[in-house]
Each structure stands twice: as structure tokens, then as C-alpha cells.
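In terms of the working numbering, the sequence shown has 368 at position 236, counting the first letter as 1, and numbering is strictly consecutive. Glycine included, each C-beta is placed from N, C-alpha and C at the ideal position. From a predicted model like this one, the values you see are computed outputs, not experimental measurements.
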Amino acid sequence: MYRRNFLASSALLPHIIANTANAAVPEVTSPVYKKRDAEIEFHTTDGYPETWKSIYQSTIEHYANRWGRVGPTHIYLIENTDWDPATLTEDRRDQLEESIRSLKHSFAKLQGHDSDGQDLDWRTGNHWAGWSIEPAHLTITMTMTPFRDAPQFVIGPIHEYTHALQTAYGYSAEAIDGNQMGHSRWTGPAWWREGSAVLISYLYSYKNPTLFKKLQKPLTWENFSHEMNRNLHLYQQAGISIRSGVTHDDWQRLEKLNKVHPVVYAGGSVACARLLQRVGSLRGLFAFLQKVPTMGWEPAFEQHFQLPLSSFYQQFEAEMLNTKPHLDRKSKHDDWTAFLRTIN
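Written out as C-alpha cells, the structure reads:
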């Protein structure tokens, strides 16, 4: 399965802003996000296929009820005109185009922008998480088609809602000054944000096969293990450390090298697997997020994982030199991913 999830921003505010390590504490109030019992509202294009909406919605509800309903969260499910062009009638095309225009307008209004929203890039194949300071809310936008990658209607929602959890726990008044929302001091380095979303979405999907009931084909251990081994291989081939995937500027540099995916997503997922191994459970990994708002990301990291971040980088890179990825799906022996099979 190929990942086509992308970190994206609300129309004006980036998720990850360049690091300034000693920002002054401003006289501002942090946006208030519910971390329990928040509203999760769905918005769809007219005639959006009910089967796929229900799969997506069931996945979000299952995951949010387990790890926290944060928000308010607004989820936009978009059917584009190129989903199934062979069967698309002119009337249906007109209906979809008008519906998309209307949803873009409502999205812009939700963000507090005096705009029709037509500059929003809602091309098929993307999946975004975003946020807004005023009014305070979180958003997820899904334009992917089930005809090309149906499992992403389970894996994708978990990935993006993980960003919602990171953001809800990563907001701080101290990070707002100078437009620093998404600052790596609070929401974490890019490799953490994306790597943990990749790891958790696959692990949670593997551990909860009931989410695939309507798809009739759950995520198997072989697929999950292969995904993680492929990520290790991509990271090793990139030849660039995850510590080069921290800030917004890092992201831009890696993008020019076409290295965002192998370093931030793939390498980050392997690094987060090592952190998961240290704490022994998903509960232990999620408990880290609760410490971030009061401590900041790096101090919380050092306290929770009992390891300075610089030492983690050193240990991780040393491990990567001596860990062999197993890309043969038919392999019968355990590899470095074996511990994930029993993690709960």
C-alpha cells in the first residue's frame, strides 16, 4: 500500500514554523481546544458515497473514543470529478463542481477568511490536517478516491486525526508570539509529527481489524511489517538524518532534494517505533502528548522517554547502521519489527 497522506496547513497558517529556541512569553491567551467530548462534524459533497463516508466516520469515531475527542474538528470529504470519469454524466459533473465550490466557501468562512475559498487545492489524492487560531478549531480534508486506495479510508483518518491530537496538545500561548504556532518547541519536530502519525495509523489499523469489516480485507501483519521495513530501507537509502527534518525550513530544503518522504515520513516512523519500544505501549506514547502543553516538546520528550533528544538522535543513527530491512514478504523469521506484533 502506498501512502498518499500529506501534511497541509489552513489557508494562511503553516503547521511547522522555523525554530527560534528562546521566544519570549507573550501576553496572549492560547486557543482553547477540547480534549474530551469535542464535536466532530462531517461535511461532504452532494451525493458522496455513503459506504465510504461511513467507513471513514466509523474509523474516526473508533480512534477518537479511544484516545480523545479533540476539537471542535471539522472533516471535509470531497468527491472529485475524476474519481470515475468513465461513468460520470454531465449532470453529475455539474452537481459535484457546484458542491465543491460551496464547500470551499464554507471552509473559508469556518477559517474566518473573507474569501470564496476557490484558491484551496482540493485535487484528488490528498489528505490534509489543518488548524485555526481564531476561531479555534481543527480541520481534516480528504479528497482521495476509494477506487485507487480503499484501505486509506481506514489508515488515512487515523493518520490525520493523530495530527489533530498533536495539535490540540501542542498549542501554547508561548508559541503564538511571532506567528509561531506549530513551533517545533511545542508540536514537535517534523519527523515526530509525521513519523508518529504513520506508525500509529498502521499499528492501530493492524490491531483493530474490525475497522476493515466493510472492506473485507484487514491490514495483515505481513503488510504492516513490510511497510515498516520499507520505511527503514527508504530512510537508509536517503542518507540524511531525521535531525535534518525538524523545522519548516528543514522541510523546504528536503522538499528541494525530494527527500521529505524518506526522511520525515519513513525515517520518522522508524524513529517513533523505537520510542514506542521504550515505553512499551500506545498508552505510553500518547501519555507523552499530555506533558507537552506545560513543558514544551523537548523537555517533555526528555522527561517522558528518560533520554535527552541529542542522545536519542545518536542512538538512533547508530542503530540504523546495524539494522537490516527485510523486504521479502514471504520471509518467515522475525526482524526488528517483531515487537510491534504484541504492542497494545
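Query raised in the report: Would you say the segment 401-415 touches the segment 319-336, given that touching needs at least three Cβ pairs under 8 angstroms?
Result: yes
Requested in this report: Give the straight-line distance between the Cα atoms of Y367 and K456, rounded to the nearest whole angstrom.
Outcome: The count along the sequence shown starts at 1 and reaches residue 367 at position 235. The count along the sequence shown starts at 1 and reaches residue 456 at position 324. Answer to the nearest angstrom: the Cα atoms are 12 angstroms apart.
Query raised in the report: Should the segment 376-389 be called in touch with the segment 334-349, which here means at least 3 C-beta pairs below 8 angstroms?
Result: no
**Report entry** Nearest candidate by alpha-carbon position, reference M276, set E451, E354, P289
**Finding:** Residue mapping note: residue 276 aligns to position 144 of the sequence shown, counting from 1. Closest by alpha carbon: P289.
Query raised in the report: For I172 versus I210, is the C-beta spacing smaller than 8 angstroms?
Result: In the sequence shown, residue 172 corresponds to position 40, counting from 1. In the sequence shown, residue 210 corresponds to position 78, counting from 1. No; because the gap between Cβ atoms is not below 8 angstroms, this pair is not in contact.
Query raised in the report: Which two residues bound the contiguous alpha helix (DSSP H) that contains I332?
Result: Counted from its first residue, the sequence shown places residue 332 at position 200. 322-339 is the extent of the alpha helix (DSSP H) around I332.
Query - the segment 165-185 in contact with the segment 229-242 per 3-pair CB rule at 8 angstroms - result: yes
Report task. Go through its chain and collect everything with a Cβ distance to A470's Cβ below 7 angstroms, but skip five positions before and after it. Result -> Working through the sequence shown from its first residue, we reach residue 470 at position 338. Hits under 7 angstroms: none found.
Query raised in the report: What is the DSSP secondary structure of A261, counted as helix, strand or coil?
Result: Counting from 1 along the sequence shown, the entry for residue 261 is found at position 129. Three-state result, A261: strand.
Report task. Spell out a yes or no on whether the segment 355-367 and the segment 384-392 are touching, meaning 3 or more CB-CB pairs, one atom from each, closer than 8 angstroms. Result -> no
Requested in this report: Please determine, among T219, R168, S186, the residue with the shortest C-alpha to C-alpha distance to A196.
Outcome: Against the sequence shown, residue 196 aligns to sequence position 64. It is R168.
Report task. May I ask you to list the residues that DSSP assigns as paired with H175? Result -> Here residue 175 refers to the residue found at position 43 of the sequence shown. H175 is bridged to Y208.
Report task. Report buried or exposed for D382, applying the criterion of at least 16 other Cβ atoms within 10 angstroms of its Cβ. Result -> The count along the sequence shown starts at 1 and reaches residue 382 at position 250. D382 is buried by the Cβ-count criterion.
Query raised in the report: In chain order, what residues of the same chain have a beta carbon less than 6 angstroms from the beta carbon of G320, not counting five sequence neighbours either side?
Result: Position 188 of the sequence shown holds residue 320. Counting only Cβ-Cβ distances below 6 angstroms, and skipping sequence neighbours, we find W429.
Query raised in the report: Relative to the C-alpha of P477, which residue among A300, W215, D248, M360 is closest?
Result: Shown here, the chain extends from 133 to 476; a query on residue 477 therefore has no answer.
Report task. Examine the Cβ distances between the segment 281-295 and the segment 234-241 and report whether three or more of them are shorter than 8 angstroms. Result -> no
Report task. Please work out which residues of its chain come closer than 6 angstroms, Cβ to Cβ, to K388, disregarding the five sequence neighbours upstream and downstream, and give them in chain order. Result -> In the sequence shown, the residue the question calls residue 388 occupies position 256. Excluding positions up to five away in sequence, the list is empty.
Requested in this report: Quick one: residues in its chain with C-beta nearer than 6 angstroms to the C-beta of R225, no 5 flanking neighbours on either side, listed in chain order?
Outcome: Sequence index remark: in the sequence shown, residue 225 carries index 93 (1-based). Cβ neighbours of R225 beyond the five flanking positions: T213.
Query raised in the report: Taking DSSP as the reference, what is the three-state secondary structure of M276?
Result: In the sequence shown, counting from the first residue as 1, residue 276 sits at position 144. In this structure, M276 counts as coil in the three-state DSSP scheme.
Query raised in the report: How would you call T221, buried or exposed, if buried means at least 16 neighbouring beta carbons within 10 angstroms?
Result: Residue mapping note: residue 221 aligns to position 89 of the sequence shown, counting from 1. Flag for T221 reads exposed.
**Report entry** Host alpha helix (DSSP H) of F471 (start-end)
**Finding:** Locating residue 471 in the sequence shown gives position 339, where the first residue counts as 1. No alpha helix (DSSP H) contains F471, which DSSP labels as neither H nor E.
Query - Anticipated Cβ contact below 8 angstroms, L407 with L417, distance rounded - result: The sequence position of residue 407 within the sequence shown is 275, counting from 1. The sequence position of residue 417 within the sequence shown is 285, counting from 1. That belief holds up - the Cβ atoms of L407 and L417 are roughly 7 angstroms apart, short of 8 angstroms.
Report task. Tell me whether A450 is buried or exposed, calling it buried when 16 or more other Cβ atoms sit within 10 Å of its Cβ. Result -> Translated into positions along the sequence shown, residue 450 becomes position 318. With fewer than 16 other Cβ atoms within 10 Å, it is exposed.
Report task. Consult DSSP for L417 and reduce its assignment to one of helix, strand or coil. Result -> In the sequence shown, residue 417 corresponds to position 285, counting from 1. Looking at L417 - three-state DSSP - the assignment turns out to be helix.
Query raised in the report: What is the DSSP secondary structure of M133, counted as helix, strand or coil?
Result: On the sequence shown, residue 133 is found 1 positions in, with the first residue counted as 1. In this prediction, M133 scores a pLDDT of 33, lower than 50, which makes its location untrustworthy; the coordinate-derived value is nonetheless stated afterwards. Coil, per DSSP.
Report task. Can you give me the Cβ contacts of A268 inside the same chain, cut-off strictly under 7 angstroms, excluding the 5 residues immediately before and after it? Result -> In the sequence shown, the residue the question calls residue 268 occupies position 136. Same-chain partners within the cutoff: P163, V164, Y165.
Requested in this report: Assign H357 to buried or exposed, taking buried as 16 or more other Cβ atoms, counted over all protein chains shown, within 10 Å of its Cβ.
Outcome: Indexing the sequence shown from 1 puts residue 357 at position 225. Looking at the sequence provided, one finds Ser at residue 357 rather than His. Buried, by the Cβ-count rule.
**Report entry** Close Cβ partners of E193 (< 7 angstroms) along its chain, the five nearest in sequence each way excluded
**Finding:** Residue numbering aside, residue 193 sits at position 61 when the sequence shown is read from its first letter. Around E193: no qualifying Cβ.
Query raised in the report: In angstroms, rounded to a whole number, what distance separates the CA positions of Q312 and M452?
Result: In the sequence shown, the residue the question calls residue 312 occupies position 180. In the sequence shown, the residue the question calls residue 452 occupies position 320. Only weak support exists for where Q312 lies, its pLDDT of 44 falling under 50; the coordinates are left without a value.
Query raised in the report: Which one or two residues does DSSP pair with H380 in a beta bridge?
Result: Within the sequence shown, the letter at position 248 stands for residue 380. Its beta-bridge partners do not exist; DSSP assigns none.
Query raised in the report: Which partner residues does G203 have in the DSSP bridge list?
Result: By 1-based counting over the sequence shown, the position of residue 203 is 71. G203 pairs with K166.
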